[in-house]
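Beneath this line is the structure, given in structure tokens, with notes to follow.
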Amino acid sequence: MKTINDVNFKGKRVLIRADFNVPLDKKTMEVTNDNRIRATIPTLKKILNDGGSCVLMSHLGRPKNGAEDKYSMRHTVAAVEKLLGMKVKFAPDCISPEAFQMSSELKPGETLMLENLRFYKEEEAGDLAFSEKLSKHGEVYVNDAFGTAHRAHASTAIVAQFMKEKYAGLVLNAEVANAKKVMESAKKPFTAIMGGAKISDKILIIEKL
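Per my numbering, residue 341 is the first one in the sequence shown, and the count goes up by one each step.
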């Protein structure tokens, strides 16, 4: 699996699937736990320090009726700016002419955040046309969203089909390495600590332990 450490991004616009699905304060709409954002910062800094630019895409929550302000990615921009130490531009859409203009005008060292991918039903449907449109935001694709990498969504497996250059981000690479270590060389007996709300997803893993 090729990672971002295998390439120099100088002069390249990089489309990054991040996992910024973070909790927000219901009153202030500020990020209350930035761990997922913090984890992706080294990937962003590697690209920016090389002289590339970043176009970030992520989902937030589970919007059911299209665009809903409480699920807007703009609520995460301040947290990304604080951790990255620089200004992050925000596109209030993913595939509008305005969004494409903003990404095409990015200069080396600049970062743009796209609106919530799940405001579009095509995202979870893995729609080919939507995926192809997303691919126009970058020359290189980087997946750093381990938590959604297994899903055949437009912004993960599908968009990669339209990109000649594609790499794993540092988060994804580390998680895959850890999973491989546990599956292939874990010493028994061992203790597994599991969390998360989706119990059904955990049962299959528990049965394999």
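Here a beta-carbon is modelled for each residue, glycine too, at the ideal position from N, C-alpha and C.
Given residue i as reference, the closest of the options once Cα atoms are compared
i: residue 531; options: 453, 546, 383 and 407; result: 546
i: residue 423; options: 366, 395 and 380; result: 380
i: residue 407; options: 454, 496 and 363; result: 454
i: residue 466; options: 492, 460, 449 and 364; result: 492
i: residue 485; options: 501, 374, 413 and 512; result: 512
Beta-carbon contacts of residue i that lie in its chain and below 8 Å, excluding the five residues immediately before and after
i: residue 482; result: 344, 354, 355, 356, 357, 383, 387, 506, 507, 508 and 509
i: residue 346; result: 507
i: residue 415; result: 364, 369, 370, 371 and 400
i: residue 417; result: 428, 430 and 453
Cβ of residue i within 7 Å of any chain D Cβ
i: residue 539; result: The structure shown contains no chain D, having only a single protein chain.
Beta carbon of residue i nearer than 7 Å to that of residue j
i: residue 443; j: residue 452; result: yes
i: residue 458; j: residue 403; result: yes
i: residue 411; j: residue 396; result: no
i: residue 371; j: residue 431; result: no
i: residue 391; j: residue 366; result: no
i: residue 437; j: residue 393; result: no
i: residue 378; j: residue 359; result: no
Cut-off 7 Å between Cβ atoms - residues of its own chain near residue i, not counting five sequence neighbours on either side
i: residue 473; result: 435
i: residue 476; result: 440
i: residue 498; result: 466, 468, 471 and 492
Per DSSP, the bridge partner or partners of residue i
i: residue 364; result: 371
i: residue 506; result: 481
### Task
Give, in chain order, every unbroken run of the beta strand (DSSP E) that is at least 3 residues long and sits entirely within the segment 397-453.
Counting whole runs of 3 or more residues, the segment 397-453 contains the beta strand (DSSP E) stretches 451-453.
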